[in-house]
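Structure, as structure tokens:
Number of protein chains: 2
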Amino acid sequence: MSNLATIAHLIGDPSRAAMLQALLPGEALTAGELARVAGIGAAAASAQAKALVDSGLVSVHAQGRHRYHRLAGEEVASALETLMALPQASPRKSWPHGEGFRQARLCWHHVAGRIGVALHARMTGDGWIEAAPGGWVATESGEARLAKLGVDLAAARRAPRFACDCMDWSERRPHLSGGLGREIASMMTRRLWLTRIEPSATDLLQRRRLACTPEGARALSVEFGIAA
Amino acid sequence: MSNLATIAHLIGDPSRAAMLQALLPGEALTAGELARVAGIGAAAASAQAKALVDSGLVSVHAQGRHRYHRLAGEEVASALETLMALPQASPRKSWPHGEGFRQARLCWHHVAGRIGVALHARMTGDGWIEAAPGGWVATESGEARLAKLGVDLAAARRAPRFACDCMDWSERRPHLSGGLGREIASMMTRRLWLTRIEPSATDLLQRRRLACTPEGARALSVEFGIAA
DNA sequence: CGGACGTTTCGCGGGCCTCCGAAAGGCGGC
DNA sequence: GCCGCCTTTCGGAGGCCCGCGAAACGTCCG
Numbered sequence: 001m002s003n004l005a006t007i008a009h010l011i012g013d014p015s016r017a018a019m020l021q022a023l024l025p026g027e028a029l030t031a032g033e034l035a036r037v038a039g040i041g042a043a044a045a046s047a048q049a050k051a052l053v054d055s056g057l058v059s060v061h062a063q064g065r066h067r068y069h070r071l072a073g074e075e076v077a078s079a080l081e082t083l084m085a086l087p088q089a090s091p092r093k094s095w096p097h098g099e100g101f102r103q104a105r106l107c108w109h110h111v112a113g114r115i116g117v118a119l120h121a122r123m124t125g126d127g128w129i130e131a132a133p134g135g136w137v138a139t140e141s142g143e144a145r146l147a148k149l150g151v152d153l154a155a156a157r158r159a160p161r162f163a164c165d166c167m168d169w170s171e172r173r174p175h176l177s178g179g180l181g182r183e184i185a186s187m188m189t190r191r192l193w194l195t196r197i198e199p200s201a202t203d204l205l206q207r208r209r210l211a212c213t214p215e216g217a218r219a220l221s222v223e224f225g226i227a228a
Numbered sequence: 229m230s231n232l233a234t235i236a237h238l239i240g241d242p243s244r245a246a247m248l249q250a251l252l253p254g255e256a257l258t259a260g261e262l263a264r265v266a267g268i269g270a271a272a273a274s275a276q277a278k279a280l281v282d283s284g285l286v287s288v289h290a291q292g293r294h295r296y297h298r299l300a301g302e303e304v305a306s307a308l309e310t311l312m313a314l315p316q317a318s319p320r321k322s323w324p325h326g327e328g329f330r331q332a333r334l335c336w337h338h339v340a341g342r343i344g345v346a347l348h349a350r351m352t353g354d355g356w357i358e359a360a361p362g363g364w365v366a367t368e369s370g371e372a373r374l375a376k377l378g379v380d381l382a383a384a385r386r387a388p389r390f391a392c393d394c395m396d397w398s399e400r401r402p403h404l405s406g407g408l409g410r411e412i413a414s415m416m417t418r419r420l421w422l423t424r425i426e427p428s429a430t431d432l433l434q435r436r437r438l439a440c441t442p443e444g445a446r447a448l449s450v451e452f453g454i455a456a
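What follows is the structure, given as structure tokens:
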């Protein structure tokens with residue numbers, strides 16, 4: 001079987017797809033948590049998680065009696081977002097997860113949604129970053145502005161990739177990914193521009209949601225010219 | 229079932245995956261050709277093609293007693309390439325389709341593979357194109373150079389998107405997509421820098437292959453500084 | 001008009017694979 | 001050391017869905 005079919009078949013099962021979506025923010029979940037988000041028993045969840053790990057989509061880290069699962073890397077998160085952006089089957093049923101979900105959410109460790117793509121557009125259009133082979137590099141003025149905002153550029157550079165594009169599922173335009181994307185998201189949550197929604201037990205997808213605080217809206221407007 | 233699982237399940241069937249891969253170059257195939265490519269009977273192929281059409285991944289155009297199927301759009305081709313770039317299951321079995329496949333091939337209507345990503349790197353790095361919201365625009369000098377090479381910029385601008393990134397499956401870096409990508413590929417095949425491999429009946433994937441001619445290698449080196 | 005071809009619909013058989021319940025293995029806490 | 005929690009393994013049942021063959025529909029051609 002071709003690689004394409006193998007991978008897609010793995011993602012195509014509802015239980016495994018739910019697990020993968022729950023892992024999209026980039027954090028690790030235990031086998032039990034995966035079972036709950038998929039709505040299946042622990043036994044079945046264990047088998048499905050093993051399939052995901054064997055395929056290389058998910059990595060696992062044993063710690064005590066827990067086993068923590070996370071997406072194997074940024075490319076996996078990116079590929080999942082891309083898949084979700086494909087033409088929806090049947091008559092366009094608005095946005096199944098609500099408007100807030102579309103405004104801002106985590107993807108791997110960076111900001112996605114309207115705010116994420118607006119950031120990307122501003123940073124490329126206003127000369128914060130510029131194209132380089134394999135992604136983006138910060139311009140001189142961009143570095144200064146980022147540092148002034150409290151973005152840890154040294155940490156961003158330690159990532160496998162400094163900055164590259166990740167297709168945004170809901171907006172169908174790229175948002176910023178890579179180490180820089182992660183550090184920007186980290187800065188924004190640290191400064192309480194964006195806050196995470198407390199995950200409700202029922203809706204696993206809300207786990208990814210980010211809310212924009214009033215200060216955040218002000219800061220995004222002042223610093224980036226973005227109307228949140 | 230979530231949208232993610234629905235779409236992935238569709239791609240995850242070996243027969244449908246084979247059909248989609250055969251459609252990747254961007255051209256249309258009849259239902260019978262899809263059946264042959266997938267290695268199944270006409271009846272089964274018809275049902276599978278219908279599923280792909282219903283989901284919106286593939287569009288169909290009836291003409292006489294043939295029904296021509298093609299990918300619904302550039303995003304679909306892009307998503308498929310992205311999926312194929314994911315970590316392979318099991319020990320990295322080199323490149324299943326051969327080195328030539330990795331050098332140059334068609335994706336939607338543009339050039340992918342080593343030559344495709346090298347083009348992207350050169351054009352972004354040497355100022356042929358520059359970042360803009362939602363993709364790339366040609367710089368003034370880039371326009372002049374492209375026009376001189378015989379690239380139809382007016383046709384490129386008529387496309388829904390002028391230029392944007394498409395993740396390259398084999399190279400794991402972006403290559404150029406959109407109207408500009410299509411026109412560049414068109415120019416290169418028209419000037420016989422790249423030629424299509426005659427599709428053999430047995431290996432459906434070879435349908436996508438492009439070969440670089442001696443003149444092509446010279447031209448790529450002179451015009452873009454690419455060692456093909 | 002009749003036959004050939006491409007395509008689709010129908011009904012059926014069969015296989016893959018997904019889930020569950022029970023039980024066993026590891027690890028931590030008391 | 002015993003018990004409880006998290007996780008995995010095992011065996012079995014059920015269902016989804018994929019492919020085939022036969023037949024019907026539409027189109028092209030002689």
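Chains as they are written, first to last, in this note's numbering: chain A, 1 to 228; chain B, 229 to 456. Every residue gets a Cβ at the ideal spot worked out from N, C-alpha and C, and that includes glycine. Please read these numbers as outputs of a predicted model, since none were measured by experiment.
Run the CB neighbour count on residue i, radius 10 Å, all protein chains shown included, and call it buried at 16 or more, exposed below.
| i | result |
| --- | --- |
| PRO319 (chain B) | The pLDDT assigned to PRO319 (chain B) is 43, lower than 50, so where the model puts this residue is not dependable, and the model offers no usable value. |
| PRO174 (chain A) | buried |
| GLY269 (chain B) | exposed |
| VAL37 (chain A) | buried |
| LEU180 (chain A) | buried |
| GLU443 (chain B) | exposed |
| GLY370 (chain B) | buried |
| ALA340 (chain B) | buried |
| GLN48 (chain A) | buried |
| ASP282 (chain B) | exposed |
| GLU368 (chain B) | exposed |
| LEU280 (chain B) | buried |
| ALA447 (chain B) | buried |
| GLN331 (chain B) | buried |
| ARG65 (chain A) | exposed |
| GLU461 (chain B) | No statement about residue 461 (chain B) is possible, as the shown extent of chain B runs from 229 to 456 and does not include it. |
| ALA271 (chain B) | exposed |
| ARG158 (chain A) | exposed |
Do residue i and residue j have their C-beta atoms closer together than 8 Å?
| i | j | result |
| --- | --- | --- |
| SER306 (chain B) | SER405 (chain B) | yes |
| CYS335 (chain B) | LEU232 (chain B) | no |
| HIS297 (chain B) | LEU257 (chain B) | yes |
| THR502 (chain B) | THR82 (chain A) | Residue 502 (chain B) falls outside the range modelled here, since chain B spans only 229 to 456, and no answer is possible. |
| ARG437 (chain B) | GLY267 (chain B) | no |
| MET415 (chain B) | VAL450 (chain B) | no |
| ALA439 (chain B) | ALA456 (chain B) | no |
| LEU10 (chain A) | LEU57 (chain A) | yes |
| ASP168 (chain A) | ASP393 (chain B) | no |
| LEU146 (chain A) | ALA138 (chain A) | yes |
| THR213 (chain A) | THR195 (chain A) | yes |
| HIS109 (chain A) | ALA31 (chain A) | no |
| ALA8 (chain A) | ALA236 (chain B) | yes |
For my contact list, residue i and residue j are in at a C-beta cut-off of 8 Å; report their separation, rounded to the angstrom.
| i | j | result |
| --- | --- | --- |
| ARG410 (chain B) | ALA384 (chain B) | 7 Å |
| PRO160 (chain A) | ALA300 (chain B) | With a Cβ gap of about 33 Å, PRO160 (chain A) and ALA300 (chain B) do not count as contacting. |
| ILE234 (chain A) | ALA163 (chain A) | In the structure as shown, chain A begins at 1 and stops at 228. Residue 234 (chain A) is therefore absent and cannot be evaluated. |
| ARG400 (chain B) | ALA313 (chain B) | 5 Å |
Unbroken stretches of the alpha helix (DSSP H), 4 residues or longer, contained in the stretch 54-94 of chain A
74-84
Jot down the residue ranges of each uninterrupted alpha helix (DSSP H) in the stretch 345-388 of chain B, minimum 4 residues, whole runs only, in chain order.
368-377 and 381-386
Check whether the stretch 120-140 of chain A touches the stretch 349-356 of chain B, counting contact only when three or more Cβ pairs, one atom from each stretch, lie closer than 8 Å.
yes
For the pair the stretch 14-32 of chain A and the stretch 243-253 of chain B, tell me if three or more CB-CB distances fall below 8 Å.
no
If we require 3 or more residues per run, which beta strand (DSSP E) segments fall completely within the stretch 10-61 of chain A?
none
Entirely enclosed alpha helix (DSSP H) segments - the stretch 158-220 of chain A, minimum 4 residues:
178-190 and 214-219
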